[in-house]
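Chemist: Numbering (the numbering used here), first residue to last: 379 to 669. The beta carbon of each residue, even a glycine, is placed where N, CA and C say it ideally should be.
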Ligand SMILES: [Zn+2]
């Protein structure tokens with residue numbers, strides 16, 4: 379669990395209500411779990427800002443630097459806002475008051491739960507299920523339509539894996555941390571995909587081609603500028619397209635190498651309408667030829 383010593387803020391201290399019920403405690407733990415996840419994703423901040431400088435200067439270097447800097451600043455701002463908001467401060471205040479009331483966190487034998495038995499993760503899913511049940515009972519409208527639960531992630535990854543050949547996938551943290559290994563032309567590529575939960579329950583995808591050489595950094599830039607940034611299946615299919623795409627000449631300029639002698643490090647999908655059905659086709663593109 380994250381440290382619970384909040385930074386002093388200018389916001390008024392929240393008023394503490396009576397003892398919380400199970401639903402409120404679950405929501406509080408889910409809130410802290412989302413905050414932890416948001417904090418985890420900030421570890422990409424410095425590598426992301428410095429990443430463009432690992433490669434020789436290209437016309438897109440300043441844009442890549444500026445985009446990464448702005449995205450990192452926004453992530454930090456979002457985290458600070460969440461840390462200082464009323465919900466978070468209420469949880470911290472409740473914890474301080476509870477500790478003051480009873481500092482004994484080992485409640486075994488008194489019908490309670492030992493604090494060490496409280497799981498670190500899983501509260502977001504538990505809260506989503508709880509809200510869904512409430513919704514089904516007509517107590518509260520279900521608001522989880524845009525929330526990707528653990529089960530959704532497992533389903534998307536399982537369906538995606540079902541169609542894979544000769545691609546190794548290592549999965550950790552319930553499919554939220556995937557390492558995908560494949561050989562594209564003669565290059566052995568490792569991709570990492572991380573799924574992190576946002577404060578509002580929506581999810582965010584972080585993906586990169588591991589390595590600091592020019593080609594892999596360019597691939598990472600092309601992945602980060604993909605459309606459908608929150609579509610996990612699209613991202614996974616795009617990574618596979620580094621292996622399965624037909625031919626490596628650029629779909630736009632039709633050349634193998636661009637002006638910097640770089641091959642087609644970008645991938646974009648396009649819908650082709652055939653006889654009665656629409657097919658998704660992946661195309662190879664140079665970084666400078668991306669739409
Ligand atoms: Zn091109």
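#1: Specify the secondary structure class of residue 596 as computed by DSSP and reduced to three states.
#2: For residue 569, which option in 614, 553, 637 has the closest C-alpha, if you only look at C-alpha atoms?
#3: Helix, strand or coil, according to DSSP, for residue 452 in the structure here?
#4: Would residue 665 and residue 640 qualify as a contact pair, given that the criterion is a beta-carbon distance under 9 Å?
#5: Would you list the one or two residues that DSSP bridges to residue 584?
#6: Would you please state the rounded distance, in angstroms, between the beta carbons of residue 606 and residue 612? I believe it to be under 8 Å.
#7: Where does the unbroken alpha helix (DSSP H) through residue 535 begin, and where does it stop?
#8: What is the C-beta distance between residue 573 and residue 583, in whole angstroms, given that I count them as a contact (C-beta under 8 Å)?
#9: Using alpha carbons as the reference points, say which of 438, 429, 504 lies closest to residue 405.
#10: Among 482, 472, 575, 466, which has the Cα closest to the Cα of residue 399?
#11: Could you tell me which residues DSSP puts in a beta bridge with residue 657?
#12: Near residue 549, which residues of its chain fall below 6 Å by C-beta distance, leaving aside the five closest residues on each side in sequence?
#13: Determine whether the Cβ of residue 481 lies closer than 9 Å to any Cβ atom of chain B.
#14: Regarding residue 642 and ligand 1, is the C-beta to nearest heavy atom distance less than 8 Å?
#15: Run through DSSP, which three-state label would residue 411 get?
#16: Check each candidate in 464, 401, 601 and name the one with the smallest Cα separation from residue 508.
#17: What are the boundary residues of the beta strand (DSSP E) that residue 550 is part of?
#18: Return the Cβ separation of residue 558 and residue 547 in integer angstroms, given the expectation that the two are a contact with Cβ distance under 8 Å.
#19: Checking the sheet assignment: what are the DSSP bridge partners for residue 567?
#20: What residues does ligand 1 have around it, judged by CB closer than 5 Å to any heavy atom, in chain order?
#21: Of all the options 499, 498, 526, 496, which has the alpha carbon lying nearest to the alpha carbon of residue 510?
#22: Ignoring anything shorter than 4 residues, give me the alpha helix (DSSP H) runs that lie fully in the stretch 418–450, in order along the chain.
Modeler: The structure says:
#1: helix
#2: 614
#3: helix
#4: yes
#5: 572
#6: 4 Å
#7: 528–540
#8: 6 Å
#9: 504
#10: 472
#11: 650
#12: 556
#13: No chain B is part of this structure, which consists of one protein chain only.
#14: yes
#15: helix
#16: 401
#17: 546–550
#18: 5 Å
#19: 560
#20: 628, 630, 631, 664, 667
#21: 526
#22: 423–428
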